[in-house]
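S.K.: Structure in structure tokens, see below.
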Amino acid sequence: MTAPSSPDQPWPVRTVARKVADWIGRLGEVWVEGQVAQLSRRGSATVFLTLRDTAADLSVPVTCPRDVADRPGAALTEGARVLVRARPDYYVARGSFSLRATEIRAVGLGELLARIERIRTLLAAEGLFDAHRKRPLPFAPAVVGLVTGKGSAAERDVLVTARRRWPAVRFAVRHCVVQGPSAAEEVVEALQRLDRDPEVEVIVLARGGGSVEDLLPFSDEGLVRAVAACRTPVVTGVGHETDTTLVDHAADVRAATPTDAAHRVVPEIGEQRRLVDGLRARARALVTARVEQQERWLESVRSRPSLAEPERLLAGRGEEVAALRTRATRTLTHRVDLAVRDLEHARARVAALSPQATLDRGYALVQTADGALVRAPDEVADGQSLLVRVAGGRIPVRVDRQDGQP
1 MTAPSSPDQP
11 WPVRTVARKV
21 ADWIGRLGEV
31 WVEGQVAQLS
41 RRGSATVFLT
51 LRDTAADLSV
61 PVTCPRDVAD
71 RPGAALTEGA
81 RVLVRARPDY
91 YVARGSFSLR
101 ATEIRAVGLG
111 ELLARIERIR
121 TLLAAEGLFD
131 AHRKRPLPFA
141 PAVVGLVTGK
151 GSAAERDVLV
161 TARRRWPAVR
171 FAVRHCVVQG
181 PSAAEEVVEA
191 LQRLDRDPEV
201 EVIVLARGGG
211 SVEDLLPFSD
221 EGLVRAVAAC
231 RTPVVTGVGH
241 ETDTTLVDHA
251 ADVRAATPTD
261 AAHRVVPEIG
271 EQRRLVDGLR
281 ARARALVTAR
291 VEQQERWLES
301 VRSRPSLAEP
311 ERLLAGRGEE
321 VAALRTRATR
331 TLTHRVDLAV
341 RDLEHARARV
351 AALSPQATLD
361 RGYALVQTAD
371 GALVRAPDEV
381 ADGQSLLVRV
391 AGGRIPVRVD
401 RQDGQP
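The sequence shown begins at 1 in full-length UniProt numbering and counts up one residue at a time.
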């Protein structure tokens with residue numbers, strides 16, 4: 001225990017500095033609000049800034065790891081108003097006071113949420129969230145694309161759950177940063193690489209839970225548009241069930257968690273086996289019932305008289321065929337006889353009208369040498385040669401007129 005100081009027993013500087021450091025150390029973590037006056041990253045793992053009071057002319061130096069300064073939602077720029085969670089620190093050797101920050105938030109989280117809402121309204125007006133754009137997921141995809149943080153719990157949940165449900169599934173995993181300023185750009189690049197892979201049938205975006213700032217990259221407008229432009233169906237499993245980001249609206253299916261995303265993309269093998277067994281039993285019962293029905297029908301057909309004793313039908317038909325044959329013969333004979341008589345009558349009429357029949361009755365035909373018929377005496381001249389055709393043949397004659405008469 002150090003004795004009280006007095007003019008006779010003053011404290012050395014080191015004692016005062018140590019006591020100040022002890023007293024400040026007992027303050028623990030505090031939340032401080034102020035404005036960033038100076039910001040220096042210096043290319044190292046530590047970021048230096050000056051936090052100025054917004055109402056008084058005083059400031060305090062602040063140091064923090066780079067990942068704290070680069071966390072989404074921190075808005076760490078000169079002039080920005082921020083909330084800093086820090087532990088006061090007094091550097092004894094220099095006698096300087098500073099804050100070691102473990103978390104930085106931008107003042108006005110409501111403004112951040114309002115900006116996300118404005119982006120949501122804009123993209124919804126463009127139709128990127130419409131239900132008709134949602135595509136069904138393939139059944140039992142052979143290859144599933146996965147975009148997630150390397151070695152993350154989300155990656156493990158998706159891989160373990162999916163392989164347990166469907167051991168044959170294969171994954172094309174693309175690791176990227178899922179938190180911080182570069183997260184949205186890296187997720188877009190990984191997403192587009194998987195979308196160009198012809199073997200990938202569905203893509204899963206997976207990330208564990210976190211604050212609004214942690215999940216901010218998944219509400220990035222560029223990432224949302226990239227998800228909407230994918231030709232491959234996209235499933236999001238970002239955060240917990242109560243967390244909702246803009247990519248959830250653009251995705252084809254929104255899963256509550258990474259584990260739920262694995263449930264959505266692959267079927268459960270035991271359930272599918274039970275389904276197949278049920279369908280097989282149902283098909284067997286239907287086929288058996290159909291076969292039995294056809295057997296009964298075939299038996300009823302075979303029992304009909306026409307198939308049971310077909311010779312009985314032939315016996316009756318034979319008599320009918322014989323009667324029809326006799327009738328046909330009689331009819332045909334009668335028709336032939338009538339035709340013969342008609343032909344004889346026609347031949348008799350033709351013979352009666354024939355020129356030969358006229359000649360046979362004693363008539364004759366007189367023709368000139370060129371075959372023209374002579375019908376009157378004045379058609380021939382004296383001494384002209386003629387042919388006289390009688391029933392027995394032709395007789396050549398010559399005209400000899402005596403006293404002017406032939």
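Positions of the beta carbon are idealized from the N, C-alpha and C atoms, including for glycine. In this text the structure is predicted, and so the values were computed from the model without any measurement.
Per DSSP, what are the beta-bridge partners of Val253 in this structure?
M.R.: Val235
S.K.: Provide the residue span of the beta strand (DSSP E) that contains Leu387, from first to last.
M.R.: Unbroken beta strand (DSSP E) run through Leu387: Ser385 to Val390.
S.K.: Between the alpha carbons of Asp342 and Arg312, how many angstroms are there, rounded?
M.R.: Straight-line Cα distance between these residues: approximately 46 Å.
S.K.: Compare the beta carbon distance of Arg261 and Ala206 with 8 Å and say whether it is the shorter of the two.
M.R.: The sequence as given places Ala at residue 261; Arg does not occur at that position. Yes, they are a contact pair.
S.K.: Looking at the secondary structure, which residues open and close the beta strand (DSSP E) in which His175 lies?
M.R.: Arg170 to His175
S.K.: Within 10 Å of its beta-carbon, does Pro141 have 16 or more other beta-carbons around it, so buried, or fewer, so exposed?
M.R.: In the assembly as shown, Pro141 is a buried residue. Its beta-carbon has 16 or more other beta-carbons within 10 Å.
S.K.: If you measure between the beta carbons of Arg100 and Thr63, is that distance less than 8 Å?
M.R.: yes
S.K.: For the putative contact between Thr50 and Arg66, defined by C-beta atoms under 8 Å, what is the C-beta separation to the nearest angstrom?
M.R.: Wrong, their Cβ atoms sit about 17 Å apart, outside the cutoff.
S.K.: Helix or strand or just coil, what does DSSP make of Glu33?
M.R.: strand
S.K.: Identify the residues that DSSP records as bridge partners of Val82: which are they?
M.R.: Gly34 and Ala106
S.K.: Would you grab the beta carbon distance between Ser152 and Gly208 for me? Rounded to a whole angstrom, and I think it's under 8 Å.
M.R.: 6 Å
S.K.: By DSSP, does Asp8 sit in helix, in strand, or in coil?
M.R.: coil
S.K.: On the CB-based measure, 16 or more other CB atoms within 10 Å of its CB, does Gln179 come out buried or exposed?
M.R.: buried
S.K.: Quick one: is Arg118 buried, meaning 16 or more other Cβ sit within 10 Å of its Cβ, or exposed?
M.R.: exposed
S.K.: Is Leu365 near Leu373, with beta carbons less than 8 Å apart?
M.R.: Yes, Cβ-Cβ distance for Leu365 and Leu373 is below 8 Å.
S.K.: Can you name, in chain order, every residue of its own chain whose Cβ lies under 6 Å from the Cβ of Asp382, other than the five neighbours on each side?
M.R.: Val399 and Arg401
S.K.: Quick check: the region 91-106 against the region 37-44, are there 3 or more CB pairs under 8 Å?
M.R.: no
S.K.: Got a sec, what are the start and stop residues for the beta strand (DSSP E) Gln367 sits in?
M.R.: Leu365 to Thr368
S.K.: Hey, how far is the Cα of Arg135 from the Cα of Trp166?
M.R.: 22 Å
S.K.: Taking Arg254 as the reference, which of Leu76, Ala131 and Arg87 has the closest Cα?
M.R.: Ala131
S.K.: My understanding is that Ile203 touches Val169, with C-beta atoms under 8 Å, so please give their C-beta distance in whole angstroms.
M.R.: In this structure Ile203 is not in contact with Val169, their Cβ atoms being roughly 14 Å apart against a cut-off of 8 Å.
S.K.: Give the range of the beta strand (DSSP E) segment to which Pro396 is assigned.
M.R.: Where Pro396 is concerned, the enclosing beta strand (DSSP E) stretches over Gly393 to Arg398.
S.K.: Could you say which of Val13, Glu186 and Arg231 lies nearest to Phe218 if we only look at CA atoms?
M.R.: Glu186
S.K.: For Val235, does the count of other Cβ atoms within 10 angstroms reach 16, so buried, or fall short, so exposed?
M.R.: buried
S.K.: Quick one, which of Ser96, Ser59, Asp8 and Glu33 has its alpha-carbon nearest Ala21's?
M.R.: Ser96
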